[in-house]
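Visitor: Before anything else, here's the structure in question.
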Ligand SMILES: [Zn+2]
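Numbering (this note's numbering), first residue to last: 2 to 258.
The structure is reproduced here in C-alpha cells:
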C-alpha cells in the first residue's frame, strides 16, 4: 500500500477525470491521498474531495506565492475549513524566493501566522520551500515546531540541511525529483534519511517522475518514487511502501481510523 502525501487532485488539470485518476492510483497500490490546498478555490476543493472520497484527506493552507492576498477574511475561512474532520495537516505554507510574488517580509509574516494556527490546532505543517532554505530553517527553528512536526514537501536541499530539519522534528518527503538522473543531492538524501522520517509524494499534476517527465503527473506515479528510493537504498519497494505509509498514518494520526 502506498500513501501519496502531497497531491493536487484539486486543480483544473484533474477537473475532467478525477474519478478515473483515483481508480488508476488504486490499481497501482495507492490507497490514501493527501490533497493539498494553496489558495481559496483549492482549499475548498480539497475539502469537497475528502468529503466525497474516504481515501482522500485534506491539507489546508495558504501558499507563500499567495502571501500578498492573505486577509482577515482569508484567515476566517481557513480556520473554518481546518475544523473539518478530514483535515490531517496545515499547508502548504513556507517561503518561495523563486517567484517572489510577495516580498520576503510578507511571506515570513504569513508563514509565522500559519505556524501559530497549526500549533493552536495541534496540526502538523506541510512546508513549501523554494530558493529559501536558510530562512525557512530559521523560521521553523524560531517558531519551535517540534511539538507539531510536519513535512518538508518535495525536499530538494542537501543532506546537511536535512539533518537540521530532522532535528526540528520534521519529516522529509521525496517526490518524482528523486527519479531524475541529475538530482544527485536528492539521491544522497534518499539514501541518508532515517526510515522513520521518510515520506513519498507526487506533487501531481506537477513534477512527473521518469518515465513521464514533462507530462501530467498523477498519484499512481508515486510508485516510481518508491521504486527509485528503494533502489537507491538497496531495499525492496514493498518495504519502502509499507514504511512510508506507516509514517504518514502516524504523522496524520490515522492509525485508528
Ligand atoms: Zn504542492
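Just so you know, even glycine gets a beta-carbon here, dropped at the ideal spot from N, CA and C.
All values reported here derive from a predicted model rather than from experimental measurement.
1. List, from N- to C-terminal side, the beta strand (DSSP E) runs of 3 residues or more that fit wholly inside the segment 48-123.
2. Closest to residue 131 by C-alpha separation, out of 121, 142, 156, 149, would be which residue?
3. Just the C-alpha distance for residue 65 and residue 79, rounded to the nearest angstrom, thanks.
4. Out of 177, 178, 196, point me to the one whose CA is closest to residue 167's CA.
5. Just to confirm, is the Cβ distance from residue 59 to residue 27 under 8 Å?
6. Can you list, in chain order, the residues of its chain with a C-beta nearer than 6 Å to that of residue 272? Leave out the 5 residues immediately preceding and following it.
7. Ends of the alpha helix (DSSP H) at residue 203?
8. Report buried or exposed for residue 137, applying the criterion of at least 16 other Cβ atoms within 10 angstroms of its Cβ.
9. If you draw a straight line from the C-alpha of residue 239 to the C-alpha of residue 2, how long is it?
10. Based on DSSP bridge pairs, tell me the residues matched to residue 3.
11. Am I right that residue 57 and residue 44 are in contact with their C-beta atoms under 8 Å? What's the rounded C-beta distance?
12. Would the beta-carbon of residue 192 fall within 8 Å of that of residue 233?
13. Collect the residues with a C-beta less than 6 Å away from any heavy atom of ligand 1 and give them in sequence order along the chain.
14. Does DSSP classify residue 155 as helix, strand or coil?
15. Please report the straight-line C-alpha distance between residue 105 and residue 99, rounded to a whole angstrom.
16. Please go through the same chain and pick out, in chain order, the residues whose beta-carbon is closer than 8 Å to the beta-carbon of residue 249, but skip the five residues on each side of it.
17. In this structure, does DSSP put residue 9 in helix, strand or coil?
18. List the whole-angstrom C-beta distance separating residue 179 from residue 188, where the pair is believed to meet the contact cut-off of C-beta under 8 Å.
Guide: Reading off the structure:
1. 57-61, 88-97
2. Position 130 of the chain shown holds residue 131. Measuring from the Cα of residue 131, the nearest candidate turns out to be 156.
3. For the purposes of this step, residue 65 is identified with residue 64 of the chain shown, where counting begins at 1. For the purposes of this step, residue 79 is identified with residue 78 of the chain shown, where counting begins at 1. In a straight line, the C-alpha of residue 65 is about 15 Å away from that of residue 79.
4. What you label residue 167 is simply residue 166 of the chain shown in a count that begins at 1. Among 177, 178, 196, the Cα nearest to that of residue 167 belongs to 196.
5. Start at 1 with the first residue of the chain shown, and residue 59 comes out as number 58. Start at 1 with the first residue of the chain shown, and residue 27 comes out as number 26. Result no, Cβ atoms of residue 59 and residue 27 do not sit closer than 8 Å.
6. In the structure as shown, the chain begins at 2 and stops at 258. Residue 272 is therefore absent and cannot be evaluated.
7. On the chain shown, position 202 is the one that residue 203 refers to. Careful: residue 203 lies outside any alpha helix (DSSP H) and carries neither H nor E.
8. Counting from 1 along the chain shown, the entry for residue 137 is found at position 136. Counting Cβ neighbours within 10 Å, residue 137 comes out buried, since at least 16 surround it.
9. Translated into the one-based positions of the chain shown, residue 239 becomes position 238. Translated into the one-based positions of the chain shown, residue 2 becomes position 1. One C-alpha to the other measures close to 8 Å.
10. Translated into positions along the chain shown, residue 3 becomes position 2. According to DSSP, residue 3 bridges with 31.
11. Looking up residue 57 in the chain shown gives position 56. Looking up residue 44 in the chain shown gives position 43. Not a contact, Cβ separation roughly 14 Å.
12. The residue given as residue 192 occupies position 191 in the chain shown. The residue given as residue 233 occupies position 232 in the chain shown. Yes. Within cutoff.
13. 7, 9, 37, 93, 204
14. As a first step, residue 155 must be located in the chain shown, where it is residue number 154. Three-state DSSP puts residue 155 in coil, outside helix and strand.
15. As a working mapping, residue 105 is identified with position 104 in the chain shown. As a working mapping, residue 99 is identified with position 98 in the chain shown. Roughly 11 Å separates the two Cα atoms.
16. Here residue 249 refers to the residue found at position 248 when the chain shown is read from its first residue. Here the set comprises 4, 6, 33, 35, 200, 255.
17. Within the chain shown, the letter at position 8 stands for residue 9. Three-state result, residue 9: coil.
18. As a working mapping, residue 179 is identified with position 178 in the chain shown. As a working mapping, residue 188 is identified with position 187 in the chain shown. Confirmed, about 7 Å.
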